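Undergrad: If you're matching positions, the sequence shown starts at 119 in this note's numbering and goes up one per residue.
Please find one structure pasted underneath; my questions will follow.
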Amino acid sequence: MDYTRVRSNRESNFFVKARAQLFKEPDVKAWESGKRISLMKNKIAVLKQTPKCPNLRTLFLSQNELQMISNGFFQFIPRLIVLDLSRNTGLRALPEGISQLVSLECFDLSWTGIEELPLELKALTKLKMLDLSYMRNLRKLPQHVISSFSKLQIFKMWLPGIQLYPNEDNVLNRGNEKLIEEL
């Protein structure tokens, strides 16, 4: 069943293809004028295009089968406030261009397969909510990343069976001591 809804007026512009059984990303031309986009609950594995979405505020990509997001994917999405990548267990890394999301306030990475958070996340200084819950593969959280989020109000992190990962620059080193210092 295709739950496609596109509505345009002065106040809002939605592009919704949730549960549309998509196996690849829709043509980005179709959603370039969008302010709120939902592609959740599909089977999209790769985001390889480079959308130009100057007005995009919300992007829901949760519950897909994401394995890779191209480095240029976020290059032309300067005003994104909410990004939900949750429940994409095949996603092992964030793209290099993630640091360009300088307006981002809410970032959900829960239930992803990401192994290491990049130091470039420090650029997301407006972040108010960060969810790292159930990231079973997370091995490295560099020092000074979490502490760079001076506006952070909600931080979720639950790593089942957390292990110690020896590395001086890793907040996940030596239990929770360095993480608590970061917060």
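Virtual Cβ for every residue (Gly too), placed ideally from N, Cα, C.
If you're wondering where the values come from, they're calculated on a predicted model, not measured in any experiment.
Looking at the unbroken beta strand (DSSP E) that takes in residue 248, where does it start and where does it end?
TA: Unbroken beta strand (DSSP E) run through residue 248: 247 to 249.
Undergrad: Compare the C-beta of residue 189 against all C-beta atoms of chain B and say whether one is closer than 8 Å.
TA: Looking at the structure shown, chain B is missing, and only one protein chain is on hand.
Undergrad: For residue 186, list the residues DSSP reports as bridge partners.
TA: 164, per the DSSP bridge assignment.
Undergrad: Could you spell out where the beta strand (DSSP E) holding residue 268 opens and where it closes?
TA: Here residue 268 belongs to no beta strand (DSSP E), and DSSP marks it neither H nor E.
Undergrad: Label residue 208 either buried or exposed according to how many other C-beta atoms from any shown protein chain fall within 10 Å of its C-beta, with 16 as the threshold for buried.
TA: Answer is exposed; the Cβ neighbour count stays below 16.
Undergrad: Distance check for residue 203 and residue 142, CA to CA, integer angstroms please.
TA: Cα to Cα, the separation comes out at about 16 Å.
Undergrad: What do you reckon, are the CB atoms on residue 165 and residue 199 nearer than 8 Å?
TA: No, Cβ-Cβ distance for residue 165 and residue 199 is not below 8 Å.
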